[in-house]
Amino acid sequence: TYRNLEIIIVDDGSTDNSGIICDKWAKMDTRIKVYHQENKGLSSARNLGIKRATTEYLMFCDCDDCFQNNIAIYTLLQRLKSNSDIYIFGFLAEQDLQYITIFSPMFNDNTFIHGKVYKRQYLIDNDIMFDPELKVHEDGYFNTLARIQTTKTELCQDIIYTWCYNKNSITRKDIDFSAKTFHNYIYS
Numbered sequence: 001t002y003r004n005l006e007i008i009i010v011d012d013g014s015t016d017n018s019g020i021i022c023d024k025w026a027k028m029d030t031r032i033k034v035y036h037q038e039n040k041g042l043s044s045a046r047n048l049g050i051k052r053a054t055t056e057y058l059m060f061c062d063c064d065d066c067f068q069n070n071i072a073i074y075t076l077l078q079r080l081k082s083n084s085d086i087y088i089f090g091f092l093a094e095q096d097l098q099y100i101t102i103f104s105p106m107f108n109d110n111t112f113i114h115g116k117v118y119k120r121q122y123l124i125d126n127d128i129m130f131d132p133e134l135k136v137h138e139d140g141y142f143n144t145l146a147r148i149q150t151t152k153t154e155l156c157q158d159i160i161y162t163w164c165y166n167k168n169s170i171t172r173k174d175i176d177f178s179a180k181t182f183h184n185y186i187y188s
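Residue numbers (our numbering): 1 to 188.
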């Protein structure tokens, strides 16, 4: 239905055959484009996506997250008509408590890249990219660069995205991770 939709998947040196699966998807749907690179990290993968995209607007979706429902893309596309450089939508943040999972709505949060749509040309014209040296807090760095250079930002109350809690992420498995990456937090 969405002919102008472009889905870019960056295979950042995967070793689990997910790159091969993505290539198969791309053969079935011309809107899907897959790019392979050696493992350089999240920031480098996202920068490649920005450079290779051909659409007017960009949105980032992590591999373990999802859109809120089956009309989220429709809702998003209906909002992209006011010529803003950044659209900030709400998203649900999954929290895994010991015996229960809850979802908290998040609005206008600069910490995460989730639920935000950026005008691609605005990013290119202002050289707004992710810093490949950052291994954590890259979203806050990127959002700060993007938001301080424009007054054309629109806040939308629609919830279109779900950030999923991943108990196996490196930030949760390594109890010293926060201490090891504190310098990234200060830099960002």
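Beta carbons are placed, not taken as given, at the ideal position from N, Cα and C, and that holds for glycine.
Distances from the alpha-carbon of F103 to those of D109, F60, T111 and A93 put A93 closest. Setting aside the 5 residues that flank it on each side, A53 is surrounded in the same chain by E6, I8 and R120, each with a C-beta closer than 8 Å to its C-beta; the list follows chain order. Between the C-alpha atoms of D176 and Y118 there is a straight-line separation of about 34 Å. By the neighbour-count criterion, in which 16 or more other beta carbons inside 10 Å mark a residue as buried, L155 falls on the exposed side. Under the DSSP definition of a beta bridge, S104 partners with A93. Beyond the five residues adjoining it in sequence on each side, D65 comes within less than 8 Å, by CB distance, of H114, Y161, T162, W163 and C164 in the same chain, given in chain order.
If you check the CB distance, D62 and Q37 do not come in under 9 Å. DSSP places L155 in no alpha helix (DSSP H) but in the uninterrupted beta strand (DSSP E) bounded by T153 to W163. Nearest C-alpha to T144 among L123, I159, Q157 and D158: L123. DSSP places K33 in the strand class (E or B) of the three-state scheme. Within the model, the alpha-carbon separation for D96 versus L48 is close to 32 Å. Straight through space, the alpha carbons of A45 and F91 are spaced by roughly 22 Å. Taking C-beta atoms under 8 Å as the contact rule, F89 and D158 qualify, at a distance of about 6 Å.
Between I86 and K135, the C-beta spacing is not below 9 Å. Here E138 is buried. Its C-beta has 16 or more other C-beta atoms within 10 Å. Distances from the CA of R3 to each of I21, I32 and K24 were compared; the closest alpha carbon is that of I32. The closest CA to that of S14, considering only L58, N39 and L76, is found on N39.
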